[in-house]
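Everything below concerns the one structure shown next.
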Amino acid sequence: MYKSLVKFACVMLATAILIPTNLNGGMLSDLRPKTSKTKSGMSGQAASKASHVIVDQSEKGFIVFTGVPQETDKAMLKEYRAKASKLDKVVIVSWQQFLDNIQKYFLATVLRNDYPKSKVVDGLICLVGKQPAAPCGLTWNGGIALTRMDYNHVRKTYQTYKADPDKYKPIRNPKADPVNPKGHLPYFGCDA
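Spelled out as structure tokens, the structure:
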């Protein structure tokens, strides 16, 4: 199902709705997480460039969030909804519904939190809000996956953990850990 989401994201990119980012100096700073509380009680709500979020729960080891840019017209959003309705465990929710349910997604996905000191939920809100059309995954161990290598790592560690939780050993070197939130979030200007 990840391939379906990637295809879906590629369609979004191909329609030129991806918001450009400043790759030389990081991301634009106007979307830094705020300290105000959201309706769901979360801190770190970002002023979003996304109007909706595609939520893909088709994989067992992670959940993928892809923001739909605010510039997306109603006809295109309707097309995205039609495509999502044909995929198992993929839905499109409003930005507010995403904020209201992010804690539920976290609790349903994370089996053990290897990153308790990281602000993963706030980081996801920031990342999805800043990078619409770029899929990002919340992993079974509380990490963040962005690349194919990250997702492959997550599949492998999830299988190890499910087969025998005692055999799973988290990576203790943050620089060697491909899904450590502190390795992804600051790069995009999000607090980790």
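Residues -25 to -1, 1 to 167 (mature numbering (1 follows the signal peptide of the UniProt record, and there is no 0)) are what the sequence shown spells out, left to right.
Where is the CB? At the ideal position from N, CA and C, for every residue including glycine.
Keep in mind it's a predicted model, so treat the numbers as computed, not measured.
Neighbour-count burial assignment, residue i, 16 or more Cβ in a 10 Å radius
i	result
Ala25	buried
Glu46	exposed
Asn127	exposed
Thr41	buried
Thr122	exposed
Lys142	exposed
Lys105	buried
Ala109	buried
Asp5	Low confidence applies here, because Asp5 scores a pLDDT of 30, under 50, leaving its location unreliable; read the following figure in that light. Result: exposed.
Pairwise C-alpha distance: residue j and residue i
i	j	result
Pro149	Tyr136	19 Å
Ser23	Arg87	29 Å
Asp31	Glu54	17 Å
Ile38	Ala151	22 Å
Pro161	Cys111	14 Å
Ala59	Asn155	29 Å
Asp48	Arg56	12 Å
Asp75	Cys165	19 Å
Gln71	Glu34	24 Å
Gly158	Val65	27 Å
Asp63	Arg130	19 Å
Ala167	Asp139	29 Å
Val68	Pro91	27 Å
Lys12	Arg147	Here Lys12 scores only 40 on pLDDT, less than 50, and its place in the model should not be relied on; the value that follows carries that caveat. Using only the alpha carbons, I get a separation of about 32 Å.
Ala83	Tyr133	14 Å
Leu113	Val85	8 Å
Pro44	Gly36	26 Å
Lys79	Val103	16 Å
Lys61	Pro107	21 Å
Phe163	Cys101	9 Å
Ser18	Met124	Annotation note: pLDDT 38 at Ser18 (below 50); position unreliable, no value reported.
Terminal residues of the beta strand (DSSP E) in which residue i lies
i	result
Gly112	111 to 114
Phe37	37 to 44
Asp31	25 to 31
Alpha helix (DSSP H) segment containing residue i, residue limits
i	result
Pro156	156 to 159
Ile77	70 to 84
Ser60	49 to 60
Ala138	123 to 138
Ile100	95 to 105
Residue i and residue j closer than 8 Å at C-beta
i	j	result
Leu99	Ile77	yes
Phe81	Val28	no
Asp89	Pro145	yes
Next on the checklist: I want to know whether the stretch 86 to 96 touches the stretch 112 to 128 - three or more CB-CB distances under 8 Å.
Outcome noted: Touching, per the Cβ criterion.
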